[in-house]
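Going down the list, the sequences are from chains Z and W. Residues in the first sequence are numbered from 163 upward in steps of one, following the working numbering. Residues in the second sequence are numbered from 163 upward in steps of one, following the working numbering. Where a beta carbon is used, it is the ideal one built from N, C-alpha and C, also for glycine. It should be emphasised that the depicted structure is a prediction, and the values quoted were computed from it without experimental measurement.
Protein chains: 2
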Amino acid sequence: MRVDHVGIAVGDLASSLDRWRPLLGEPESPPEVVSAQGVRVAFLRAGETHIELLEPTSPDSPVGRFVASRGEGTHHLAFRVPNVDAALSGVIERGGRVVDRVGRPGARGRRVGFAHPSAFGGVLVEFVEAP
Amino acid sequence: MRVDHVGIAVGDLASSLDRWRPLLGEPESPPEVVSAQGVRVAFLRAGETHIELLEPTSPDSPVGRFVASRGEGTHHLAFRVPNVDAALSGVIERGGRVVDRVGRPGARGRRVGFAHPSAFGGVLVEFVEAP
């Protein structure tokens, strides 16, 4: 199962892009607002995977609260799957908790769904449906 | 620049392998103790990158302190580079802090070196020299 991207919570997208540019260059596409999740994101290619920088659009969004309580840093780990619903059902069947019971629209027009961090030892795992 | 692996700090390697097995299968090789870093690690393949599970071998190792203070979860993000020393020097030249000024032996017989989390917005970045 391939890593689709590593999500990193940042306070300010522009200064964060400056920080990562020497390693990863320019984002693949212009930054995008994902209203449902209260973030503005940019994807930087890193081999076959990506680094997603997530800037909260409001302090009371999930990522806003994450940055306020834990500071900037790695936020989630996303795997590419053929079917998000099946991946989430698999977590539930194995006794794990999920944030989303079924997929929902995410960045880049993809269907996505999150397991609960308790299901993977403190790691917030996202499933992203292959386009 | 390719993501070599994502390092995840865990309390117990065996139960953590059970947790990740449904997604990622078996480790590529038997778990390995990296004495210099006070960890026992296992690498799980995920496409062209890997998930590294790190179990502290003592509570006062860096990863042991990480787990004690923040709990299990994502610990570092490793990029594959042609030359670790040059990658670390690049961080320093751009005004960033590093943990290692030059490379040192790491897991799987590779040369590795860590930047300081402040250099990449709270993300602990490791550079791994391509074999």
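Can you tell which of the options has its C-alpha closest to the C-alpha of residue i?
| i | options | result |
| --- | --- | --- |
| residue 179 (chain W) | W:255, W:216, W:220, W:262 | W:216 |
| residue 208 (chain Z) | Z:202, Z:196, Z:187 | Z:187 |
| residue 257 (chain W) | W:243, W:249, W:281 | W:281 |
| residue 203 (chain W) | W:287, W:222, W:174 | W:174 |
| residue 182 (chain Z) | W:176, W:189, W:163 | W:163 |
| residue 205 (chain Z) | Z:254, Z:240, Z:222, Z:252 | Z:240 |
| residue 177 (chain Z) | Z:252, Z:167, Z:223, Z:234 | Z:234 |
Going by beta-carbon coordinates alone, are residue i and residue j separated by less than 9 Å?
| i | j | result |
| --- | --- | --- |
| residue 229 (chain Z) | residue 285 (chain Z) | no |
| residue 143 (chain W) | residue 236 (chain Z) | The shown model of chain W, from 163 to 293, leaves out residue 143 (chain W), and the question about it has no answer. |
| residue 259 (chain W) | residue 238 (chain W) | no |
| residue 191 (chain W) | residue 270 (chain W) | yes |
| residue 291 (chain Z) | residue 245 (chain Z) | yes |
| residue 225 (chain Z) | residue 199 (chain Z) | yes |
| residue 274 (chain W) | residue 267 (chain W) | yes |
Roughly how many angstroms lie between the CA atoms of residue i and residue j, to the nearest whole one?
| i | j | result |
| --- | --- | --- |
| residue 185 (chain Z) | residue 194 (chain W) | 29 Å |
| residue 265 (chain Z) | residue 243 (chain Z) | 12 Å |
| residue 169 (chain Z) | residue 272 (chain Z) | 15 Å |
| residue 288 (chain Z) | residue 249 (chain Z) | 10 Å |
| residue 220 (chain Z) | residue 232 (chain Z) | 16 Å |
For residue i, which three-state DSSP category applies?
| i | result |
| --- | --- |
| residue 247 (chain W) | helix |
| residue 267 (chain Z) | strand |
| residue 259 (chain W) | coil |
| residue 221 (chain W) | coil |
| residue 311 (chain W) | What is shown of chain W runs 163 to 293, which leaves residue 311 (chain W) out entirely. |
| residue 179 (chain Z) | helix |
| residue 292 (chain Z) | coil |
| residue 286 (chain Z) | coil |
| residue 172 (chain Z) | coil |
| residue 252 (chain W) | helix |
Any beta carbon of chain A sitting closer than 9 Å to that of residue i?
| i | result |
| --- | --- |
| residue 293 (chain W) | Of the protein chains in this structure, namely Z and W, none is chain A. |
- Name, going along the chain, the residues of the segment 201 to 235 of chain Z whose beta-carbon falls closer than 7 Å to a beta-carbon of chain W. 208, 209, 210, 211, 233, 234, 235
- Message: Taking beta-carbon pairs under 9 Å, can you tell me which members of the segment 270 to 285 of chain Z lie near chain W?
- Response: 279, 281, 282, 283, 284, 285
- When you check each C-beta in the segment 186 to 198 of chain W against every C-beta of chain Z, which residues fall closer than 7 Å? 186
- Compile a chain-ordered list of the residues in the segment 256 to 267 of chain W whose CB is closer than 7 Å to at least one CB of chain Z. Listed by position along the chain: 256.
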